[in-house]
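For reference, the structure discussed in these notes is given below.
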Amino acid sequence: MTAHLPSQAGAPAAGPGRAGFQPPAVIAFDRVSKRYRGGRLALDDVTLGLPDGGSLGLVGESGSGKTTCVRLALGLDRPTSGRLTFNGAAYPAGRGGLRPLRRQIGFVLQDPYDSLDPRMTIRDVVAEPLRIHRLPGGRGRAADRVVAGQLAAVGLPGADLRSYPSRYSGGGRQRIAIARALIGSPSVLICDEPTSSLDVSVQSQIVNLLLDARRERHLSMLFVTHDLDLIGRVVDTVAVMYGGRVVETGPAELIRRSPRHPYTRALHDAVPADHPRGRRLASRGAGPLETAGAGGDAGAVPPASQDEAAAGYPAEPGGAGLTGAAAHESCIFASRCPRAQDRCRDERPPMIEEDALRSYACFFPLPEERMADDGRV
Ligand SMILES: Nc1ncnc2c1ncn2[C@@H]1O[C@H](COP(=O)(O)OP(=O)(O)O)[C@@H](O)[C@H]1O
Ligand code: SF4
Ligand SMILES: [Mg+2]
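This is the structure we're talking about:
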């Protein structure tokens, strides 16, 4: 297909002198597609950029392709087509080539129960990136000092280094995961639904911890969530994803308060059940936002193989043989869109740059409006 490429969201083509100039992208997706074994098109011509020192949010319901973006950004998977770069250079092939790049990326995944090896002590879990990347402080007494300092920095001062993650609640485990993500002093932090499996009462503590870390360490941050309200608090720029496509991008607050794409509006209207606005977000199974074009949730990054677990990264998915979601030339949201017309079913809407800041892929966008916090116009 021939989508117009937006210049914002840190897209690779942005440069000095262009309207909407953004810093160069540390991680850039340039027309990236990913088809899993079994035929599932998880990403379809995605162009995105994480600006150096900036923050980018990916938001969308389950199955929209967010975790696939994360897997590609971590170097766990390769695109089927398109170009993926880190600081302007293509991702190297092979584990050895990826190692220096991975050293620069810390990550926090959705489920701290899955992402921390229950057989490892907290000391070993947190120090592991130092050992893998042969950084100082990975072993012996030095490791005790470094790990204790890192745990204190994430709100776990005096933690027993010889205890196991199972001693901690979900929030405590996620703090341990954050300590581990930060201990190697990465330049990029990738968070894939880091609060989705936590009690509401601890969600904002963890978000604040991540935001403090980002500010203090000048990290570039890629933050993934299904919660449009949350993303507005966390990142500068948002890309809304649906069915493997980016359907709208722009400044987080603008996208949240005045969406132009009907899917963004639907996402705004379908807030999580535990949100003060009190309506439901269909995340798994049936619901108003269960996808027609998109597949079901593949959950967080799948479990690690021994080898990649040892490297601190989960394994490539086994390829469950999913089928469907052909890359048809129509609007991916047409079957659910209240504004759909014949053209939407016959033609794929290109990305339209509304201005230097915002783009959307829709033939009949919503009029500009301001929504109140409760969703009323
Ligand atoms: N290992 C895999 N094999 C086949 N299909 C997959 C695999 N992982 C994810 N998918 C499919 O790719 C699509 C995008 O999934 P994912 O990136 O996990 O979305 P999200 O994180 O937004 O929920 C879904 O249709 C999902 O079922
Ligand atoms: S292109 Fe058509 S179907 Fe797609 S979101 Fe816009 S109005 Fe709806
Ligand atoms: Mg996911």
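Position one of the sequence shown corresponds to residue 1 (the working numbering), numbered consecutively onward. Ideal Cβ placement from N, Cα and C applies to all residues, glycine included. It should be emphasised that the depicted structure is a prediction, and the values quoted were computed from it without experimental measurement.
Item to check | Cβ-heavy atom distance, SER204 to ligand 1, below 6 Å | outcome: no
Checklist entry - Which value, in whole angstroms, describes the spacing of the CA atoms of PRO350 and LEU130? => result 44 Å
Checklist entry - Does the separation of the CB atoms of SER33 and GLY82 fall below 7 Å? => result yes
Checklist entry - To which residues does DSSP link PRO349 through a beta bridge? => result Note: PRO349 sits in no beta bridge, so no partner.
Checklist entry - Using CA coordinates, which residue listed in GLN110, HIS133, ALA73 is at the minimum distance from GLY96? => result HIS133
Next on the checklist: For ARG339, tell me which candidate among TYR263, GLU329, ARG358 has the shortest Cα-Cα distance.
Outcome noted: TYR263
Checklist entry - Is the beta carbon of LYS66 within less than 6 Å of some heavy atom of ligand 3? => result yes
Checklist entry - In chain order, which alpha helix (DSSP H) runs of at least 4 residues are fully inside the region 53-113? => result 66-73, 95-103
Checklist entry - Taking the alpha-carbon positions, what's the ALA361 to HIS226 distance? => result 19 Å
Checklist entry - Between the C-alpha atoms of ARG99 and ILE190, what's the straight-line distance to the nearest angstrom? => result 16 Å
Checklist entry - Is GLY250 near ligand 1, with its Cβ less than 6 Å from a heavy atom? => result no
Checklist entry - Under the DSSP definition of a beta bridge, which residues are partnered with PHE29? => result LEU48, LEU84
Checklist entry - Three or more beta-carbon pairs under 8 Å between the region 199-206 and the region 113-128, yes or no? => result no
Item to check | Contact test: ARG339 Cβ vs ligand 2 heavy atom, cutoff 6 Å | outcome: yes
Item to check | Straight-line Cα distance separating ASP236 from VAL246 | outcome: 17 Å
Next on the checklist: Starting from ARG180, trace the alpha helix (DSSP H) in both directions and tell me its first and last residue.
Outcome noted: 170-182
Next on the checklist: Quick check on GLY65: buried or exposed, where buried means 16 or more other Cβ atoms within 10 Å of its Cβ?
Outcome noted: buried
Checklist entry - Count the other CB atoms within 10 Å of the CB of THR249; is the residue buried (16 or more) or exposed (fewer)? => result buried
Checklist entry - Leaving out the 5 sequence neighbours to the left and right, which residues in its chain are closer than 7 Å to ARG265 when beta-carbon positions are compared? => result PRO259, LEU366
Checklist entry - Does DSSP put CYS191 in a helix, a strand or coil? => result strand
Next on the checklist: Can you find the residues in the same chain that come closer than 6 Å, C-beta to C-beta, to ALA127, ignoring five residues on each side of it along the sequence?
Outcome noted: GLY138, ALA143, VAL147
Checklist entry - Below 7 Å between beta carbons: does that hold for SER220 and GLY57? => result no
Checklist entry - Where does the unbroken alpha helix (DSSP H) through ARG215 begin, and where does it stop? => result 200-217
Item to check | Between the CA atoms of PRO79 and LEU72 - distance to the nearest angstrom | outcome: 7 Å
Next on the checklist: Given this structure, state the Cα-to-Cα distance separating GLY158 from VAL207, to the nearest angstrom.
Outcome noted: 22 Å
Next on the checklist: Determine whether the beta carbon atoms of ILE183 and VAL108 lie at a separation below 7 Å.
Outcome noted: no
Checklist entry - Cβ atoms of LEU151 and GLY171: under 7 Å apart, would you say? => result no
Checklist entry - Quick one, which of PHE364, GLU347, GLY243 has its alpha-carbon nearest CYS69's? => result GLY243
Next on the checklist: Using CA atoms only, rank isn't needed, just tell me which of ALA334, ASP111, GLY39 is closest to PRO165.
Outcome noted: ASP111
Next on the checklist: Please identify the residue among ARG31, GLY63, PRO24, VAL46 whose C-alpha is closest to the C-alpha of ARG40.
Outcome noted: GLY63
Checklist entry - Are the C-beta atoms of GLU216 and some chain D residue less than 7 Å apart? => result As a matter of chain content, chain D is missing from the structure shown, which is built from one protein chain.
Checklist entry - What are the start and end residues of the beta strand (DSSP E) that includes VAL238? => result 237-242
Checklist entry - Can you find a heavy atom of ligand 2 that lies under 6 Å from the Cβ of ALA334? => result yes
Checklist entry - Skipping 5 residues on each side, what residues in its chain have a beta carbon closer than 7 Å to that of ILE105? => result LEU74, PRO186, VAL188, ILE190
Checklist entry - How many Å lie between ASP342 and LEU156 at the Cα? => result 57 Å
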